[in-house]
Ligand SMILES: [Zn+2]
Ligand SMILES: [Zn+2]
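In the numbering used here, the protein residues as written are 84 to 459.
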């Protein structure tokens with residue numbers, strides 16, 4: 084398997100704590116790959132950058148970011164090479180950043196007219212990867228709920244492939260997600276409802292949006308668990324045997340499109356576009372956070388807002404919490420509908436599915452719902 088190969092090439096038996104050159108090596112390789120990908124995007128912006136995102140970019144900031152990741156790859160590479168006997172991580176990071184520099188680095192000019200045609204969202208993948216890694220990886224390393232769980236736990240590469248699979252075709256996935264809502268709003272004009280809501284203060288509108296979205300998400304999510312043929316798609320998301328932020332990316336494309344597409348229908352009828360965009364940013368961060376291997380919580384806030392421990396109980400394979408905790412923002416929605424399970428201070432012992440034959444790789448999992456094998 085590819086993951087085993089990667090682990091063999093980059094891993095070794097030496098300790099991986101701070102000061103061993105492990106983390107600096109990982110960071111060097113990560114930044115090197117980001118820098119190389121970003122410079123390639125600058126060379127082929129028509130093919131590798133998302134037309135819908137370009138208006139939001141500030142090119143000077145992007146160029147500064149590229150410089151920073153090139154420098155980061157080299158500095159961390161040097162540190163790792165000095166501290167660790169096996170140099171392969173450091174060399175990988177430094178080689179990619181050297182290649183990025185030789186290809187023009189951050190100063191590659193954008194030549195010619197940019198078109199709005201079909202493109203691969205490599206820019207979106209690299210930016211989002213950098214953003215979520217910077218937010219979530221440090222808190223998982225510093226304050227884990229399961230300290231023994233490695234960042235490179237089993238099946239980590241599979242979940243990176245899932246992250247890639249939703250980011251690269253971003254034009255197609257966002258079109259499909261918006262399709263049901265845009266079609267329905269075109270037929271049914273409910274602008275009077277939106278008009279009333281836009282008069283409320285921004286924060287109230289935002290809170291209402293989160294509430295409407297979570298109520299919709301609750302029932303779609305519950306249906307994904309209860310309807311056998313829908314469960315076959317959603318079972319992929321539940322096949323992770325350990326949770327961290329990247330495990331949250333594991334979802335069958337049909338599951339992803341159904342939840343997001345159907346949830347947007349009530350949203351589009353009630354809220355303005357800027358509230359919906361703000362909500363989409365919020366849900367990306369909150370839903371990812373709910374999967375993190377992050378221990379601390381704020382006790383008094385736990386009954387009102389979802390902390391990782393609540394969603395972790397949704398992912399357990401322990402009988403007492405099967406088909407519980409469907410909400411993604413407000414735990415009391417589950418209380419309201421009788422599906423709440425939140426034992427004090429405890430985390431689950433086991434995760435994943437019981438006696439399920441779900442294949443291990445991305446393609447096997449993608450085709451799995453269309454085969455005849457039973458899910459559970
Ligand atoms: Zn679920
Ligand atoms: Zn989940």
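Cβ coordinates follow ideal geometry from the N, Cα and C atoms, glycine included.
Span separating the alpha-carbon of residue i from that of residue j
{"i": "residue 256", "j": "residue 166", "result": "43 Å"}
{"i": "residue 459", "j": "residue 399", "result": "Reliability of the predicted coordinates at residue 459 is poor, the pLDDT of 48 falling under 50, and no value is obtained from them."}
{"i": "residue 452", "j": "residue 304", "result": "17 Å"}
{"i": "residue 86", "j": "residue 96", "result": "17 Å"}
{"i": "residue 89", "j": "residue 328", "result": "20 Å"}
{"i": "residue 407", "j": "residue 156", "result": "43 Å"}
{"i": "residue 153", "j": "residue 270", "result": "50 Å"}
{"i": "residue 148", "j": "residue 272", "result": "43 Å"}
{"i": "residue 443", "j": "residue 143", "result": "42 Å"}
{"i": "residue 139", "j": "residue 368", "result": "19 Å"}
{"i": "residue 173", "j": "residue 113", "result": "10 Å"}
{"i": "residue 360", "j": "residue 430", "result": "33 Å"}
{"i": "residue 279", "j": "residue 261", "result": "23 Å"}
{"i": "residue 421", "j": "residue 379", "result": "26 Å"}
{"i": "residue 362", "j": "residue 170", "result": "43 Å"}
{"i": "residue 119", "j": "residue 358", "result": "35 Å"}
{"i": "residue 133", "j": "residue 203", "result": "7 Å"}
{"i": "residue 416", "j": "residue 249", "result": "28 Å"}
{"i": "residue 381", "j": "residue 435", "result": "26 Å"}
{"i": "residue 308", "j": "residue 98", "result": "41 Å"}
{"i": "residue 297", "j": "residue 259", "result": "20 Å"}
{"i": "residue 366", "j": "residue 168", "result": "42 Å"}
{"i": "residue 102", "j": "residue 291", "result": "47 Å"}
{"i": "residue 448", "j": "residue 344", "result": "21 Å"}
{"i": "residue 227", "j": "residue 377", "result": "4 Å"}
{"i": "residue 294", "j": "residue 411", "result": "10 Å"}
Strand pairing of residue i, partner residues [DSSP]
{"i": "residue 434", "result": "399"}
Burial state of residue i (16 or more Cβ within 10 Å)
{"i": "residue 322", "result": "buried"}
{"i": "residue 242", "result": "buried"}
{"i": "residue 223", "result": "buried"}
{"i": "residue 190", "result": "exposed"}
{"i": "residue 432", "result": "exposed"}
{"i": "residue 185", "result": "exposed"}
{"i": "residue 212", "result": "buried"}
{"i": "residue 428", "result": "exposed"}
{"i": "residue 300", "result": "buried"}
{"i": "residue 455", "result": "exposed"}
{"i": "residue 160", "result": "buried"}
{"i": "residue 310", "result": "exposed"}
CB contact below 7 Å: residue i versus chain C
{"i": "residue 421", "result": "Within the model displayed, chain C is absent; a lone protein chain is all it includes."}
Given 8 Å, three or more beta-carbon pairs between the segment 237-244 and the segment 378-397: no
Taking one C-beta from the segment 255-269 and one from the segment 212-223 each time, how about it: are there three or more such pairs within less than 8 Å? no
Decide yes or no for the touch test of the segment 172-179 against the segment 208-216: beta carbon pairs closer than 8 Å, at least 3 of them. no
Three or more beta-carbon pairs under 8 Å between the segment 193-206 and the segment 121-141, yes or no? yes
Hey, is the segment 330-344 in contact with the segment 278-293, meaning 3+ C-beta pairs nearer than 8 Å? no
Check whether the segment 158-165 touches the segment 104-113, counting contact only when three or more Cβ pairs, one atom from each stretch, lie closer than 8 Å. yes
Report yes or no: do the segment 372-387 and the segment 338-349 share at least 3 C-beta pairs separated by less than 8 Å? no
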